[in-house]
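Inspection log for the structure reproduced underneath, given as structure tokens.
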Amino acid sequence: MIREVAELKIKDGTDDAFVAAVEQAVEIFRAAKGCRSMRLEKVIETPSLYRLIVLWETLEDHTETFRGSDGFQAWRALIGPCLDGAPSVDHSEVAVEGF
């Protein structure tokens, strides 16, 4: 399982619109090949910063299949007006499973 973390900085005053856009996008992610789950977290210390956490079956499900899809274009169209700069994205996998 691959964990994608995207840091999304949004423009001042767009919180409600951004959260509504991500809520609309849930079905886009649900329909995406290899997408197991997604959630949005708001950073407490930096109110204009959010983290989108998505679990993918494979890295390619995100980087090739999803990013090359109409769903990705729809996702970016939904959130694009709220973004303040390009998102920062990285991927990880479990190295040690604690408890």
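Residue 94 in the UniProt record's numbering sits at position 94 of the sequence shown; the count goes up by one each step and never skips. Just so it is clear, CB atoms sit at the ideal spot from N, CA and C, and this is done for glycine as well.
Closest residue to residue 81 among 65, 28, 17 (Cα-Cα distance): Comparing Cα positions, the closest option is 17.
Mind checking whether residue 71 and residue 2 have CB atoms under 8 Å apart? no
So is residue 79 buried or exposed if we call it buried at 16+ other beta carbons inside 10 Å? buried
Cutting at 8 Å between CB atoms, please list the residues of its own chain near residue 59, excluding the five before and the five after it. 2, 91
Apart from the five residues just before and just after residue 10, which ones in its own chain have a Cβ nearer than 7 Å to its Cβ? 18, 48, 50, 82, 83, 84
Would DSSP call residue 60 helix, strand or coil? helix
Around the Cβ of residue 61, are there at least 16 other Cβ atoms within 10 angstroms (buried) or fewer (exposed)? buried
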